[in-house]
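Engineer: Once you've had a glance at the structure underneath, I'll fire off some questions.
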Amino acid sequence: MQPTPHPSPNCGPRRDGAEPDLIVLHYTAMTDARAALARLCDPVAEVSAHYLISEAGTLWQMVDEDQRAWHAGAGAWGGVSDVNSRSIGIELANTGAHPFAEPQMAALERLLRGIMDRWAIPPERVIGHSDMAPHRKQDPGRRFDWLRLARQGLSVWSWPDRNNGGDFLSNACRFGYVPPEGCADPGAAVLEAFRQRFRPGASGPLDDLDRALMRDLAERFPVDRRAPSP
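Each residue of the sequence shown is one higher than the one before, starting from 52 at the first, in the numbering used here.
Pasting the structure below:
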């Protein structure tokens with residue numbers, strides 16, 4: 052799958068010799084892909100991503116994979132606090148208010164397979180912007196089909212024993228979530244980010260299914276929080 056080059060000036064070298072071991076998915080929250088492309092390549096905006104995929108499946112590459120794009124901002128996943136230096140960012144043209152188009156999802160799947168093969172990135176290291184920035188970000192949102200990716204080995208899902216719960220926040224940290232600082236209720240922020248991805252139709256207070264799902268994820272995909280963070 053050959054992307055159309057559209058270089059962005061908003062990038063630089065990865066810090067401390069880091070290589071990508073995460074993929075972060077975003078939605079653009081803009082009216083169309085062309086508007087998003089213009090913003091991601093505008094030096095005044097100071098934002099970018101490695102790739103952008105339109106609703107029709109058109110793929111642009113704005114930053115080389117070995118370079119640091121400016122897509123993640125403040126946040127963390129497991130022991131990684133400089134997510135930009137350790138990730139590849141993919142923007143999907145979507146306002147957040149409608150489903151992701153079939154051609155777009157098919158293009159994303161092809162792109163993910165290539166990136167994961169090139170950099171030996173496992174499925175559990177494909178995350179959403181909201182995963183690494185709870186309380187601050189919502190994308191790719193509740194309409195994104197994470198289960199579809201998981202069924203192809205391009206992300207992960209949870210099929211737990213409903214009676215096998217545990218401490219939700221402790222297990223969330225084992226899986227990779229980092230409770231946000233400066234937030235009145237960090238646990239609620241993590242719960243919201245988790246539900247956006249794994250229980251998009253859920254609402255209300257923490258329940259036993261939340262606990263069981265998170266424990267299953269923590270036990271099968273524990274993040275190595277001892278790894279040095281660039």
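Cβ atoms here follow ideal geometry from the backbone N, Cα and C, with glycine treated the same way.
Would you decide whether Arg169 is buried or exposed? Buried here means 16 or more other CB atoms lie within 10 Å of its CB.
Structural biologist: Mapped onto the sequence shown, residue 169 falls at position 118. Classification of Arg169: exposed, given that the 10 Å Cβ count is below 16.
Engineer: With 16 other CB atoms within 10 Å as the buried threshold, where does Gly255 fall?
Structural biologist: The count along the sequence shown starts at 1 and reaches residue 255 at position 204. Gly255 is exposed by the Cβ-count criterion.
Engineer: One question on the structure: do His180 and His77 come within less than 9 Å of each other, judged by their Cβ atoms?
Structural biologist: Taking the first residue of the sequence shown as 1, we reach residue 180 at position 129. Taking the first residue of the sequence shown as 1, we reach residue 77 at position 26. Yes, the Cβ-Cβ distance between His180 and His77 is below 9 Å.
Engineer: For the beta strand (DSSP E) holding Cys62, just list the boundary residues, first then last.
Structural biologist: The sequence position of residue 62 within the sequence shown is 11, counting from 1. From DSSP, the beta strand (DSSP E) with Cys62 extends over Cys62 to Pro64.
Engineer: Using a 10 Å radius around the Cβ and a threshold of 16 neighbouring Cβ atoms, would you call Thr39 buried or exposed?
Structural biologist: With the chain covering 52 to 281 only, the question about residue 39 has no answer from this structure.
Engineer: Starting from His180, follow the beta strand (DSSP E) in both directions and report where the run begins and ends.
Structural biologist: Residue mapping note: residue 180 aligns to position 129 of the sequence shown, counting from 1. Per DSSP, His180 belongs to no beta strand (DSSP E); it is in the alpha helix (DSSP H), His180 to Met183.
Engineer: Enumerate in chain order the residues of its own chain whose CB-to-CB distance from Gly165 is below 8 Å, with the five nearest sequence positions on each side excluded.
Structural biologist: Within the sequence shown, numbered from 1, the residue matching residue 165 stands at position 114. If we look at Gly165 and ignore the five residues flanking it on each side, its Cβ neighbours are Met52.
Engineer: Is it buried or exposed, Pro279, if we count other Cβ atoms within 10 angstroms and call 16 or more buried?
Structural biologist: Locating residue 279 in the sequence shown gives position 228, where the first residue counts as 1. No answer about Pro279 holds up, because its pLDDT of 41 lies below 50 and its placement is not dependable.
Engineer: Tell me the residue span of the beta strand (DSSP E) that contains Glu142.
Structural biologist: As a first step, residue 142 must be located in the sequence shown, where it is residue number 91. Taken as a continuous stretch (DSSP letters only), the beta strand (DSSP E) holding Glu142 covers Ser138 to Leu143.
Engineer: Please name the residue or residues paired with Thr55 in a DSSP beta bridge.
Structural biologist: Locating residue 55 in the sequence shown gives position 4, counting from the first residue. The partner list for Thr55 (beta bridge, DSSP) reads Trp111.
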